[in-house]
């Protein structure tokens, strides 16, 4: 996750856009592991032999290797200003500022963990709910509070047909910045980049595909819970199974009920 003019001591770190040092962090590999079954299911729903993934926010490039290691080698993640790309007037043309911009990438699903500073999350939400974006699926790793933000509520109120479901990790994701991306501090707190608890926001491209993905995950997670309960009475034997690592909420009301249940 990145987007700021670096104030890091390592001057070799440069980006063609302004960046905020505290945004310098890579998405943890275990968070990708949690959505692998859904990406695989999405392939079968759309009858794709393979899928191309677009992550518009570049940090250190490990998203490509992490997803490739999980069976998804086709990943578009480049050090470019995605906002200029999104505003492009035509393929290979220029935007309103006269800057050359890359073509909007050809991809099947957007998977990203945007910078949490500034208005990056708002810009992303506006983009994936825009007519330009169309009916492509998306997986957004965002803080839990985002679904309550005015920009989120307004965007999905205008686009009522596009309602995501949520995967909430039972163990908090930890974000670590790449080496040399931040100045050293007296405290080790800087090693963990986000003070916010995050979860996956997921849309399958259509209401039917989204429902199929959510039902698939819900049924599989319930199945594994039942198996582990029969095995040891408390469900701990299969605690590392991917379907046991997250709770699922198929609506904002289920998300609220889950929070109350745990709270």
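Numbering (my numbering), first residue to last: 322 to 584.
We put the CB at the ideal spot given by N, CA and C, even for glycine.
Assigned secondary structure, residue i (DSSP; H/G/I helix, E/B strand, else coil)
{"i": "residue 615", "result": "The question about residue 615 has no answer here: the residues shown for the chain are numbered 322 through 584."}
{"i": "residue 536", "result": "helix"}
{"i": "residue 573", "result": "helix"}
{"i": "residue 358", "result": "helix"}
{"i": "residue 349", "result": "coil"}
{"i": "residue 587", "result": "Residue 587 lies beyond the range of the chain shown here (322 to 584); nothing can be said about it."}
{"i": "residue 456", "result": "coil"}
{"i": "residue 567", "result": "strand"}
{"i": "residue 397", "result": "strand"}
Top-ranked residue by Cα proximity to residue i, from the options
{"i": "residue 354", "options": "535, 380 and 521", "result": "521"}
{"i": "residue 496", "options": "573, 358, 534 and 380", "result": "380"}
{"i": "residue 376", "options": "451, 458 and 369", "result": "458"}
{"i": "residue 473", "options": "391, 449, 494 and 535", "result": "449"}
{"i": "residue 493", "options": "405, 477 and 351", "result": "351"}
{"i": "residue 485", "options": "452, 498, 440 and 533", "result": "533"}
{"i": "residue 357", "options": "374, 347 and 545", "result": "374"}
{"i": "residue 456", "options": "483, 573, 365 and 488", "result": "483"}
{"i": "residue 481", "options": "370, 365 and 528", "result": "528"}
{"i": "residue 378", "options": "577, 531 and 405", "result": "405"}
{"i": "residue 360", "options": "438, 453 and 460", "result": "460"}
{"i": "residue 479", "options": "452, 489, 491 and 439", "result": "452"}
{"i": "residue 433", "options": "382, 365 and 424", "result": "382"}
Extent of the continuous alpha helix (DSSP H) run through residue i
{"i": "residue 477", "result": "471-479"}
{"i": "residue 519", "result": "From DSSP, residue 519 is part of no alpha helix (DSSP H) but of the beta strand (DSSP E) over 519-524."}
{"i": "residue 391", "result": "Where residue 391 is concerned, there is no enclosing alpha helix (DSSP H), given that its DSSP letter is neither H nor E."}
{"i": "residue 446", "result": "441-449"}
Start-to-end residues for the beta strand (DSSP E) that takes in residue i
{"i": "residue 404", "result": "Element bounds for residue 404: not the beta strand (DSSP E) but the alpha helix (DSSP H), 403-407."}
{"i": "residue 490", "result": "486-490"}
{"i": "residue 432", "result": "430-433"}
{"i": "residue 464", "result": "459-464"}
Contacts around residue i, its chain only, beta-carbon distance under 6 Å, and the 5 residues preceding and following it disregarded
{"i": "residue 445", "result": "435"}
{"i": "residue 507", "result": "Because residue 507 sits at a pLDDT of 49, beneath the cut-off of 50, its placement in the model cannot be relied upon, and the point is left open."}
{"i": "residue 429", "result": "372 and 373"}
{"i": "residue 387", "result": "350 and 353"}
{"i": "residue 531", "result": "524 and 525"}
Rounded separation between residue i and residue j - CA only
{"i": "residue 542", "j": "residue 396", "result": "28 Å"}
{"i": "residue 519", "j": "residue 463", "result": "5 Å"}
{"i": "residue 431", "j": "residue 580", "result": "27 Å"}
{"i": "residue 582", "j": "residue 538", "result": "20 Å"}
{"i": "residue 391", "j": "residue 575", "result": "29 Å"}
{"i": "residue 571", "j": "residue 384", "result": "27 Å"}
{"i": "residue 470", "j": "residue 562", "result": "32 Å"}
{"i": "residue 296", "j": "residue 389", "result": "The first residue shown for the chain is 322 and the last is 584, placing residue 296 beyond what the model contains."}
{"i": "residue 466", "j": "residue 567", "result": "17 Å"}
{"i": "residue 569", "j": "residue 407", "result": "31 Å"}
{"i": "residue 367", "j": "residue 526", "result": "10 Å"}
{"i": "residue 487", "j": "residue 447", "result": "18 Å"}
{"i": "residue 590", "j": "residue 393", "result": "Summary: the structure shown does not reach residue 590, with the chain confined to residues 322 through 584, and so no result is reported for it."}
{"i": "residue 401", "j": "residue 517", "result": "26 Å"}
{"i": "residue 577", "j": "residue 523", "result": "17 Å"}
{"i": "residue 491", "j": "residue 347", "result": "20 Å"}
{"i": "residue 489", "j": "residue 426", "result": "29 Å"}
7 Å CB neighbourhood of residue i in its chain, flanking five on each side removed
{"i": "residue 477", "result": "450, 483 and 484"}
{"i": "residue 362", "result": "534 and 537"}
{"i": "residue 443", "result": "472"}
{"i": "residue 573", "result": "468"}
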